[in-house]
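S.K.:
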Amino acid sequence: MEKISLWRERIDKRLKELFLPTYPEDLASAMAYYLFQPGKRIRPIITVAVAEVLGGDEEDAITAGCAVEMIHNYSLIHDDLPAMDNDDLRRGMPTCHKKFGEAIAILAGDALLTYAFEVLSRPKVFKTLSPQEIIRVIHIVSVKSGIEGMVGGQALDIKRSADLYRINLKKTAALFEASFMLGGVVSKREDLIGGLEELGRNFGLLFQITDDILDRDGYFELLGEEEAKDKAGEMYRKVIDGLERVFGSKPASIKFLADKVYNRVREEASSP
Ligand code: GRG
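Dropping the structure here:
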């Protein structure tokens, strides 16, 4: 979809404008390493897609989404570390700690997380948001990325101390909840925030289940291929039904994103 490619280009451009660190050189390079690799940018794309449907300022949505993208990339740096998944490759390239060493990779993750909040609170970074709305953005991003959200989910995952649903709800879906909710805040539609949060939750769970099916772990291991695919179908339908409930229609751009995520396993199903 043409519009989504254009949003992705604008997100990449805005990330470059917002990202200013240059010193210490190795730390700045390690922070930039994942952030400027060609990721899908699905989280900021969701924020701008929601804002477009609700009449919010797209550039402000992109800015808020860029902060979430920084947090997403910090989480990948830390997730790849020897103390966590101990991965050598990410997106087909050496992981951050393989390239820069473990200590710098830890610090790069820390600095990218902190930098997201520096960006969100930077003077005049938003054109249309009041100070209260900016605090609302910061609060949503904090809650969804911290102990109540992604970091809490990662801890549950490491300890295997909750069921897969609860782990995924926090580890993966929380940042998607933030992405949908931020589109609502930028559009000054506080009345829709609960619905957007639920939509983000279901979208995030769909994203994680399809990822598990492709990687043959998580839900794939727990339920087997057929049931995991049924579960993905169930989550997809929840997303599509949620669109109608929240927006009163099925916005083509958001439906396109849900289709793209779900099609990853639909196509899988038809491949030998
Ligand atoms: C270390 C605090 C901390 C959290 C880690 C994101 C995460 C939590 C772990 C990564 C491993 C994993 C399977 C996460 C589930 C979410 C997921 C599939 C992330 C990958 O996101 P994509 O596909 O990545 O959007 P790109 O490369 O497109 O940016």
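Residues 14 to 285 in this note's numbering are what the sequence shown spells out, letter by letter. Positions of the beta carbon are idealized from the N, C-alpha and C atoms, including for glycine.
1) Taking the continuous alpha helix (DSSP H) assigned at Ser-3, which residues delimit it?
2) Please classify Met-97: does DSSP put it in a helix, a strand, or coil?
3) Ordered along the chain, which non-local residues of its own chain (more than five positions away) have a Cβ less than 6 Å from that of Asp-225?
4) Give me, in chain order, the residues of the same chain whose beta-carbon lies closer than 7 Å to that of Ser-88; leave out the 5 immediate sequence neighbours on both sides.
5) For Cys-109 and Val-81, I'd like the C-alpha separation in whole angstroms.
6) Mapping DSSP to helix, strand and coil, what is Met-14?
7) Measure the alpha-carbon distance for Lys-140 versus Gly-78 and round it to whole angstroms.
8) What's the gap between the Cα of Leu-33 and the Cα of Gly-207?
9) State the CB to CB distance for the pair Gly-69 and Gly-213, rounded to an integer number of angstroms; the pair is presumed to be in contact (CB under 8 Å).
10) Give a yes or no on whether the C-beta atoms belonging to Val-156 and Leu-219 are separated by under 8 Å.
11) What residue range does the alpha helix (DSSP H) around Leu-205 cover?
12) Based on the DSSP output, what are the partners of Arg-229 in its beta bridges?
13) Tell me whether the beta-carbon of Leu-94 lies closer than 8 Å to the beta-carbon of Arg-202.
14) Could you tell me whether any non-hydrogen atom of ligand 1 is closer than 7 Å to the CB of Thr-60?
15) Rounded to the nearest angstrom, what separates Arg-104 and Gly-52 at their Cα positions?
16) Indicate the three-state DSSP secondary structure (helix, strand or coil) for Leu-142 in the structure shown.
17) Considering only heavy atoms of ligand 1, does any lie closer than 7 Å to the CB of Thr-185?
18) On a CA-only basis, which of Arg-179, Tyr-46, Ser-42, Asp-73 is nearest Ile-59? Give me that one, please.
19) Is any heavy atom in ligand 1 found nearer than 7 Å to the beta carbon of Arg-277?
20) Round the Cβ separation of Met-248 and Ile-222 to the nearest angstrom and send it over; I've been treating them as touching at under 8 Å.
21) Leu-31 and Leu-48 - do their beta-carbons sit closer together than 8 Å?
22) Can you tell me which of the three DSSP states Leu-188 falls into?
23) Assess, as a yes-or-no matter, whether the region 34–47 is touched by the region 116–131 under the definition of 3 or more beta carbon pairs within less than 8 Å.
24) Residue range of the alpha helix (DSSP H) that Lys-263 falls in?
25) Assign Pro-37 to one of three DSSP states: helix, strand, or coil.
26) Quickly, what does DSSP pair Pro-107 with across the bridge? List them, please.
27) Given the structure, does Asp-70 come close to ligand 1, in the sense that its CB is under 7 Å from one of the ligand's heavy atoms?
28) Quick check: the Cα distance between Glu-281 and Lys-242, rounded to an integer number of angstroms?
29) Determine whether the Cβ of His-152 lies closer than 8 Å to any Cβ atom of chain D.
M.R.: So, from the listed chains and residues:
1) Because the chain here runs from 14 to 285, residue 3 falls outside it and cannot be looked at.
2) coil
3) Gly-231, Tyr-232, Phe-233
4) Met-163
5) 19 Å
6) coil
7) 15 Å
8) 34 Å
9) Gly-69 to Gly-213, Cβ: 16 Å. No contact.
10) no
11) Where Leu-205 is concerned, there is no enclosing alpha helix (DSSP H), given that its DSSP letter is neither H nor E.
12) None, per the DSSP bridge assignment.
13) no
14) no
15) 8 Å
16) coil
17) yes
18) Asp-73
19) no
20) 6 Å
21) no
22) helix
23) yes
24) Taken as a continuous stretch (DSSP letters only), Lys-263 belongs to no alpha helix (DSSP H), as it is neither H nor E.
25) coil
26) Leu-102
27) no
28) The pLDDT assigned to Glu-281 is 48, lower than 50, so where the model puts this residue is not dependable, and the model offers no usable value.
29) Absence of chain D from the displayed structure is noted, only one protein chain being present.
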